[in-house]
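The structure appears below as C-alpha cells.
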Amino acid sequence: MTDQNLQGLRVLAVHAHPDDESLWTGLALTHWARRGAEVTVVTCTLGEEGEVIGDKYQGLVADRSGLLGGYRIAELQRALAALGVNHDGTTGSARPRFLGGVAHWRDSGMAGTPPADHPRAFVRSGDAVVDALRAEIAALRPHVVVTYGPDGGYGHPDHIRAHEITHAAVAAQADAGEWTPARIWWCVTEAEKLEAGLTELRAAGEPPADWRWPLDGELASVPASSVDARVLGSAEDLAAKQAAMVAHATQLWVADGSAGDVIDTPRTSSDGAPVPFCLSNLITQPLLGTESFTLGERRDGDSGLSGETLDRLDCLFAEGR
C-alpha cells in the first residue's frame, strides 16, 4: 500500500439486503474505515424473504409471521458496529441507512418467485429508486461506490437491481453536473481464492456436523482474470468481518466454536484452517482474508476531483491486476 492514511476519502456501499455488506465487502469496508476513510452502507431492503437458520426463529419468516425484516434491522446494526462503519456523528454509534427509508422497498425473493409481484418489491421500484439513491450520493458525496456486477454476483434479482440503480444514479448525477463518484467497483468472489480456501478446509478434515461440501460450480465465482483489485485484510480486519457475520445469526452460521441465541449448537473449525461458515443451505464455505473487485465504471473527469485525490483512490486496494 502506498498510503495507509485514507482520511478524507468517502466510500458508499450499496447492498440489497442486511448481511450482504458483511458477506461481500465486510473485509474491505472495515479495512478502509480502520485506515481513516468515511464508509457508509446503504441497504435497499430488509431482507424480508430470507430463510432462517435453526428452529428457534422460524416463526419470523415471510409465510408465517412476516416479522423477519424487522428482526434483521437489529442484526444489521450489530454488524455495522462490528465493521466500524455508518458512524453517527453525534453518538458515534452505527446506524443502518435504508434506501428511501425503512421498509420503503421490499425483498423481491429469488428469481421467478411470487414476492417479485409485491407492489413494494425492489425489482418493481422504477425511477423513484434512482432518485432516492441520487439523494444519498448528494448527501454523502462519496468518491467511490461499491456494489455488485451485472449478474448480481449469483443472479439474485435484488442484487441485479442494486447494480442497475447504482450505475443509473451515478450517470444521472454526471449528466446533471452534480456530485459524481469517480469509480464504481463491483464486489466479486474470486474462483481461485475460493477454491484455495476450500482446499485448506478439506485438508483439515470433514465439514462441521450436518454441513456439506459444495458441488462443483455450486458457489458462484469469477476467474482471477476478471479481478482488477483486491483488499488483503489484516488479522484485525478478518476478525471484524467474522464478528459482523456472526451478528447476522439468522442468516449465517459461523463455525467459530461459539453458541448463541439463534443457534445454540456450536460448530468448530479445524485448527490452522480458514473458519468455515454456511448459509441456511448448510453448504460449507471458507471465510477468506481477501476480497476481490472488478472495476465497473471510471468517471474521473465527471467527478471533478484533483489528480492527487484520484491517485489516493488507488490506495484503497492492496494489489491490482
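Per the numbering used here, numbering of the sequence shown is gapless, rising by one per residue and ending at 1076. We put the CB at the ideal spot given by N, CA and C, even for glycine.
How long is the line joining the alpha carbons of Pro905 and Gly847, rounded to whole angstroms?
Reading the sequence shown from its first residue, position 150 is the one you call residue 905. Reading the sequence shown from its first residue, position 92 is the one you call residue 847. It is roughly 35 Å from the alpha-carbon of Pro905 to the alpha-carbon of Gly847.
Any beta strand (DSSP E) of 3 or more consecutive residues that is wholly inside the stretch 806-877
Listed in chain order, there is nothing to give.
Could you check what DSSP says for Cys1070 in three-state terms: helix, strand or coil?
Sequence index remark: in the sequence shown, residue 1070 carries index 315 (1-based). Helix at Cys1070.
Check Trp934 in the structure and name its three-state DSSP category.
For the purposes of this step, residue 934 is taken as the residue at position 179 of the sequence shown. If DSSP states are grouped into helix, strand and coil, Trp934 belongs with coil.
Proximity to Gly821 [Cα-Cα], best of Ala837, Gly763, Glu803 and Gln928
Along the sequence shown, one-based indexing puts residue 821 at 66. Checking every option, the nearest Cα to that of Gly821 belongs to Glu803.
Are Leu784 and Leu838 closer than 7 Å when you measure CB to CB?
Position 29 of the sequence shown holds residue 784. Position 83 of the sequence shown holds residue 838. Yes, they are a contact pair.
Counted within 10 angstroms of its Cβ, other Cβ atoms place Thr757 as buried (16 or more) or exposed
Here the question's residue 757 lines up with position 2 in the sequence shown. Low confidence applies here, because Thr757 scores a pLDDT of 44, under 50, leaving its location unreliable; read the following figure in that light. The residue is exposed, with fewer than 16 neighbouring Cβ atoms inside 10 Å.
How long is the line joining the alpha carbons of His873 and Trp779, rounded to whole angstroms?
Here the question's residue 873 lines up with position 118 in the sequence shown. Here the question's residue 779 lines up with position 24 in the sequence shown. C-alpha separation (whole angstroms): 26 Å.
Is it true that the stretch 997-1013 meets the stretch 923-934, where meeting means three or more beta-carbon pairs spaced less than 8 Å apart?
Touching, no.
Alpha-carbon spacing of Ala1045 relative to Glu776, whole angstroms
Taking the sequence shown and counting its residues from 1, one reaches residue 1045 at position 290. Taking the sequence shown and counting its residues from 1, one reaches residue 776 at position 21. The sequence given here places Thr at residue 1045; Ala does not occur at that position. Per the coordinates, the alpha-carbon of Thr1045 lies some 15 Å from the alpha-carbon of Glu776.
Endpoints, alpha helix (DSSP H) assigned at Leu895
Taking the sequence shown and counting its residues from 1, one reaches residue 895 at position 140. Where Leu895 is concerned, the enclosing alpha helix (DSSP H) stretches over Gly881 to Leu895.
What do you get for Glu806, buried or exposed, if any count of 16 or more other CB atoms within 10 angstroms of its CB means buried?
Numbered from 1 along the sequence shown, position 51 holds the residue referred to as residue 806. Under this definition Glu806 is an exposed residue.
Keeping to the same chain, check which residues put their C-beta closer than 6 Å to that of Glu1079; ignore five residues upstream and five downstream.
Outside the shown range of the chain, which is 756 to 1076, sits residue 1079, and nothing can be said about it.
Once DSSP output is grouped into helix, strand and coil, what is the label at Asp913?
As a position in the sequence shown, residue 913 is number 158, starting the count at 1. In the displayed model, Asp913 falls within a helix according to three-state DSSP.
Taking Ser976 as part of the beta strand (DSSP E), name the residues at either end of that continuous run.
Taking the first residue of the sequence shown as position 1, residue 976 is located at position 221. From DSSP, Ser976 is part of no beta strand (DSSP E); its letter is neither H nor E.
For Asp1011, does the three-state DSSP call read helix, strand or coil?
Within the sequence shown, numbered from 1, the residue matching residue 1011 stands at position 256. Three-state DSSP puts Asp1011 in a strand.
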